[in-house]
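Data block below; observations after.
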Amino acid sequence: DAKTTQPDSMESTEGETVHLPCSHATISGNEYIYWYRQVPLQGPEYVTHGLQQNTTNSMAFLAIASDRKSSTLILPHVSLRDAAVYHCILRVAGYQNFYFGKGTSLTVIP
Amino acid sequence: NAGVIQTPRHKVTGKGQEATLWCEPISGHSAVFWYRQTIVQGLEFLTYFRNQAPIDDSGMPKERFSAQMPNQSHSTLKIQSTQPQDSAVYLCASSPGLGGAEQFFGPGTRLTVL
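Taken in order, these protein sequences are the chains called A and B.
First residue of the first sequence? That's 107 in the numbering used here, and the numbers climb one at a time after it.
First residue of the second sequence? That's 346 in the numbering used here, and the numbers climb one at a time after it.
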């Protein structure tokens, strides 16, 4: 069962920085926060994940609240290629399977 | 690295027929997962294997659905007596199998049951 809450949709303009919020008020201490994104006709693509500390990679910056009850995926300078459904998922350490929610559909306007 | 390969990409069956979907995981990955995606339900976990052994099939419908992994290079999802409600995109993913490892998804097989 999905334990995260995300807005159904968000819109941004090319070149802007986008903040995608995710609420996980009942997160457990051993649950990691994962972000995946999916474009039509393709499978989900890994974006990033974290446990407690903020993380960054070439795709995005993940900001995790100090109480871990929420997180924000930050996409700098979005392009049209970043338009996708972004899924915020919790997964217990050592477990393998993911439980996806509906995610946030990000529209990027030229 | 070709990524996860799924065949066929599209399959159309008549109601009551059998459908077999194939997945070739990334070489060296020990965990294979099956998911089903529909507009209404979103992306649902079905089952997964680790080192070819079934680990968790809690998402699999109890009737008509079965999954196997006869060797480390492929897995199959079989649906017997297909029904229109089985129409969905079936996604396969693989991972190195380490705890917390990310999953790499294939492009999916779109199954349409008429």
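For every residue, glycine included, the Cβ atom is placed at its ideal position computed from N, Cα and C.
Item                                                                                                                                        : Value
Which residues of chain B have a Cβ atom closer than 7 angstroms to the Cβ of residue 208/A, listed in chain order?                         : 387
Under 8 angstroms: do the stretch 378-391 of chain B and the stretch 194-214 of chain A share three or more Cβ pairs, one atom per stretch? : yes
Considering only DSSP beta bridges, list what residue 459/B is partnered with.                                                              : Answer is none; residue 459/B lacks a bridge partner.
Just to confirm the assignment, what range does the beta strand (DSSP E) spanning residue 374/B have?                                       : Where residue 374/B is concerned, there is no enclosing beta strand (DSSP E), given that its DSSP letter is neither H nor E.
Closest by CA to residue 179/A, which one among 162/A, 186/A, 115/A, 121/A?                                                                 : 162/A
Using CA atoms only, rank isn't needed, just tell me which of 382/B, 396/B, 356/B is closest to residue 418/B.                              : 396/B
Residue 167/A versus chain B: which residues are under 8 angstroms apart at the beta carbon?                                                : Correct list: empty, because the minimum Cβ distance to chain B is about 17 angstroms.
Give, in chain order, every residue of the stretch 430-449 of chain B whose Cβ lies closer than 9 angstroms to some Cβ of chain A.          : 434, 436, 437, 438, 440, 442, 444, 445, 446, 447, 448, 449
Measure the CB-CB distance between residue 361/B and residue 426/B and report whether it falls below 7 angstroms.                           : yes
Mind checking if residue 401/B is an interface residue toward chain A, Cβ cutoff 7 angstroms exclusive?                                     : yes
Any Cβ of chain B within less than 7 angstroms of the Cβ of residue 115/A?                                                                  : no
Under a CB-based cut-off of 7 angstroms, is residue 148/A close to chain C?                                                                 : Checking the listed chains, one finds no chain C in this structure; the protein chains it contains are A and B.
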